[in-house]
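Notes follow once the structure below has been shown.
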Amino acid sequence: MFRKLNQLELKWFKLLLDSFFEGKEIIATQLEDAVVVAEILEPIISLKLKTTSKLIFPYEERIPAQMLVFQPDGDSIDFLLHVVDGFIDELEVYSTSGKSISPNSILLEDIRYNTFSKPGSYFYDD
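Quick note on my numbering: the sequence shown kicks off at 117 and runs consecutively.
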């Protein structure tokens, strides 16, 4: 059964889209009508996505946007947006220490981005 993105998930995507990457507008359009078609919530968060948008992300990069969120306890949470065959496919969220995470406990204050800038080129955005 499909469901709409909830408010927290929408906030995560908004933050991911705050970074610059080639094709960002296409991803934003795909996210406008995105639905969650499957999900895993422990020990990682994995949201399998579907969109009805016909706009195709024209690059072969599987992960055009990555957000690393540092937590006060020294851990960091990695957010990876996956694109398959030109369409959003999955949001993967996990603790880099391997700990189980709760979506509502992630503090979204100290953020670094790793984004796709041109074919084959990545950079960390301060």
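Cβ atoms here follow ideal geometry from the backbone N, Cα and C, with glycine treated the same way.
Treat the numbers as computed from the prediction; the structure is a model and nothing was measured.
Distance check for residue j and residue i, CA to CA, integer angstroms please.
i      : j      : result
PHE136 : TYR229 : 9 angstroms
PHE232 : LEU171 : 18 angstroms
MET117 : VAL153 : 6 angstroms
ILE142 : SER169 : 9 angstroms
GLU158 : PRO174 : 32 angstroms
ILE160 : VAL151 : 19 angstroms
ILE227 : GLU138 : 20 angstroms
SER218 : LEU124 : 12 angstroms
Between the Cα of residue i and the Cα atoms of the options, which residue gives the shortest distance?
i      : options                        : result
GLN182 : SER216, VAL152, LYS140, THR167 : LYS140
HIS198 : ASN220, VAL209, ILE179         : ILE179
ASP191 : GLU206, THR212, ILE204         : THR212
LEU133 : TYR210, ILE204, PRO174         : ILE204
ASN220 : LYS127, ILE227, GLU206         : LYS127
GLY202 : GLU225, GLN146, LEU196         : GLN146
Can you give me the Cβ contacts of residue i inside the same chain, cut-off strictly under 8 angstroms, excluding the 5 residues immediately before and after it?
i      : result
ASN122 : none
LEU223 : VAL185, GLN187, PRO188
ASP149 : THR167, THR168, SER169
Which residues in the same chain as residue i place their Cβ atom closer than 7 angstroms to its Cβ, once the five residues preceding and following it in sequence are excluded?
i      : result
ILE156 : SER162
ALA144 : LEU133
LEU131 : MET183, LEU224, ILE227
Given a threshold of 16 other Cβ atoms within 10 Å of its Cβ, counted over all protein chains shown, does residue i qualify as buried or as exposed?
i      : result
VAL200 : exposed
SER216 : exposed
GLU225 : exposed
Give every residue of the same chain whose Cβ lies closer than 6 angstroms to the Cβ of residue i, excluding the five residues on either side of it in the sequence, and list them in chain order.
i      : result
LYS164 : VAL153, ALA154, GLU206
VAL209 : ILE161, PHE195
| message | Suppose only complete runs of 3+ residues qualify. What are the beta strand (DSSP E) ranges in the region 144-192, listed by chain order? | response | Within the region 144-192, the complete beta strand (DSSP E) segments of 3 residues or longer fall at 151-156, 161-166, 181-186, listed in chain order.
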